[in-house]
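S.K.:
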Amino acid sequence: MKKKINVLITSDNIDNTTNGLISNVKRGYAFNYLIPNQYAEIPTKKRLKHIKMFRDIEKKQIMVQETKIKVLQERVKKMEKISIYRKIGDNYLIFGSIGEKDIKKWINYNTNIKLQKNKVTINENRSAGHAEIFIEIKQDQNIKLKVNIIPINI
1 MKKKINVLIT
11 SDNIDNTTNG
21 LISNVKRGYA
31 FNYLIPNQYA
41 EIPTKKRLKH
51 IKMFRDIEKK
61 QIMVQETKIK
71 VLQERVKKME
81 KISIYRKIGD
91 NYLIFGSIGE
101 KDIKKWINYN
111 TNIKLQKNKV
121 TINENRSAGH
131 AEIFIEIKQD
141 QNIKLKVNII
151 PINI
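Just so you know, UniProt numbering puts 101 at position 101 of the sequence shown, and the rest follows in order with no gaps.
1. Using three-state DSSP, classify Ile9 as helix, strand or coil.
2. Can you tell me the Cα-Cα spacing of residue 160 and Gln139, whole angstroms?
3. I need the straight-line Cα distance from Ser23 to Asn32, nearest angstrom please.
4. Can you tell me the Cα-Cα spacing of Lys87 and Gln65, whole angstroms?
5. With a CB to CB cut of under 6 Å and the five nearest residues on each side skipped, what residues in its chain are close to Glu136?
6. Using 8 Å as the limit for Cβ to Cβ distance, is Lys114 near chain B?
7. Let me make sure I understand the geometry here. Which of Ile113, Glu100, Lys105 and Asn91 has the alpha-carbon closest to that of Ile133?
8. Quick one: is Ile107 buried, meaning 16 or more other Cβ sit within 10 Å of its Cβ, or exposed?
9. For Lys49, count the other beta carbons within 10 Å of its own beta carbon; 16 or more makes it buried, fewer makes it exposed. Which is it?
10. Of the residues Val76, Asn91, Met79 and Gly96, which one's Cα is nearest the Cα of Lys85?
11. Tell me, to the nearest whole angstrom, how far the beta carbon of Asn125 is from that of Ile149; I am working on the premise that it is less than 8 Å.
12. Can you name the residues that DSSP bridges to Lys144?
13. Any idea if Leu115 is buried or exposed, counting beta-carbon neighbours within 10 angstroms, 16 or more meaning buried?
14. Terminal residues of the continuous beta strand (DSSP E) containing Arg86?
15. Would you kindly check if the distance between the Cβ of Tyr92 and the Cβ of Ala131 is under 8 Å?
16. From Lys60 to Met53, what distance separates their C-alpha atoms?
In structure tokens, the structure reads:
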């Protein structure tokens, strides 16, 4: 009789392993703890094929997402600057402020890129001139763009 058997892990919280991993464990641990508590199951050909199919689908989705991100990144990099027109008062201070909503609206109108409002960060700027914004492409990738705030009533 074998001392160890292969089990298919179905839960992420067992021994820091991931779901769908085949692990070689002792018989008692498998039959007395893992299988009754539904943390693991005995691997069959159909179940392995099923898990492989889901992994392939996940890889394809990741590849599609990466290509979308690359296309978006190229389109955003083509924009060198954004020009926004505002009325100004004394000392070149604009009425109101330029926010993420204004930037998002300009990008959507001029380039047909639909961004979420929380993907755009801008330092609060209330004077005419230049400012910088950051557009978050991925969680750790930001693109820096220049914003020109141009006064209308000069």
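Even for Gly, the Cβ is constructed at its ideal location relative to N, Cα and C.
Quick caveat, the model's predicted, so the values are computed rather than measured.
M.R.: Taking the definition as stated:
1. strand
2. Coverage of the chain is limited to positions 1 through 154, which leaves residue 160 absent and any answer about it impossible.
3. 16 Å
4. 40 Å
5. Lys119 and Asn142
6. Here there is only one protein chain, and chain B is not present.
7. Glu100
8. buried
9. exposed
10. Residue identity differs from the one stated: residue 85 is Tyr in this sequence, not Lys. The option with the nearest alpha carbon to Tyr85 is Gly96.
11. 7 Å
12. Phe134
13. buried
14. Lys81 to Arg86
15. no
16. 11 Å
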